[in-house]
Amino acid sequence: MEASLLQFFKQASNLVWGAPLLILLVGTGIYLTIRLRGIQITKLGHALYLGLIKRKEEGDEPGDISHFQALMTALSATVGTGNIAGVATAIAAGGPGALFWMWVTGLFGMATKYSEAVLAVKYREVDENGNMSGGPMYYLDRGLKARWLGLLFAIFAAVAA
């Protein structure tokens, strides 16, 4: 019984984490890079200007955060111990070539991350107290009109947390 269960999970893992997922993720990044005209490269200067040089506008509302504060908040939510340890593990297992391919996939992954952020902002909701809520479950529900898919994502995210 235990051996057959282990075999089932190995097959499921190979199916989920195999070539189809790699092709889907990198293919999505390449597609979005082409559709967005290489936004991760063409708008890099503007992004650096907003994040590092430009200060808050004089007319900003109290409680608003600067571009730099928004950048740091996004980075703190994205980069964790797993990202740092993952690079070291990849280099140890695959050598310097692994680092090159991590850069390549990271480059295309930027277009995917940008698209996720734009969709989250476009389909966010503001409650009666002025608090904003958004994310994948909102744009799956409101953007794709697939409430069940947004609910399924929320459940999987809660289980994974």
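In the numbering used here, the protein residues as written are 343 to 503. Glycine included, every Cβ here is placed at the ideal spot set by N, Cα and C. These numbers come from a predicted model, not from an experiment.
Exposure label - residue i; buried when at least 16 CB within 10 Å
i	result
M452	buried
Q382	buried
D469	exposed
L417	exposed
L357	exposed
L482	buried
G371	buried
Integer Cβ distance of residue i from residue j, believed to fall under 8 Å
i	j	result
G472	Y480	Actually they are not in contact, since the Cβ atoms of G472 and Y480 sit about 17 Å apart, beyond 8 Å.
Span of the alpha helix (DSSP H) around residue i
i	result
L379	First, the amino acid is wrong: residue 379 is Arg here, not Leu. Segment: none, R379 is in no alpha helix (DSSP H) and carries neither H nor E.
R484	478-484
S408	Neither: S408 is in no alpha helix (DSSP H) and is coded neither H nor E.
W359	Here W359 belongs to no alpha helix (DSSP H), and DSSP marks it neither H nor E.
L441	438-464
I497	489-502
L390	386-390
Beta-carbon proximity list for residue i, same chain, < 8 Å, skipping 5 on both sides
i	result
S457	L374, L378
Pair within 9 Å by beta-carbon distance, residue i and residue j
i	j	result
G477	A488	no
M474	R466	yes
K455	T420	yes
Close beta carbons around residue i, own chain, < 6 Å, minus the five adjacent residues each side
i	result
G448	none
Beta-carbon contacts of residue i that lie in its chain and below 7 Å, excluding the five residues immediately before and after
i	result
I433	A440, L441
Interface flag, residue i vs chain D, CB-CB below 9 Å
i	result
F410	Of the chains in the structure shown, none is chain D; there is only one protein chain.
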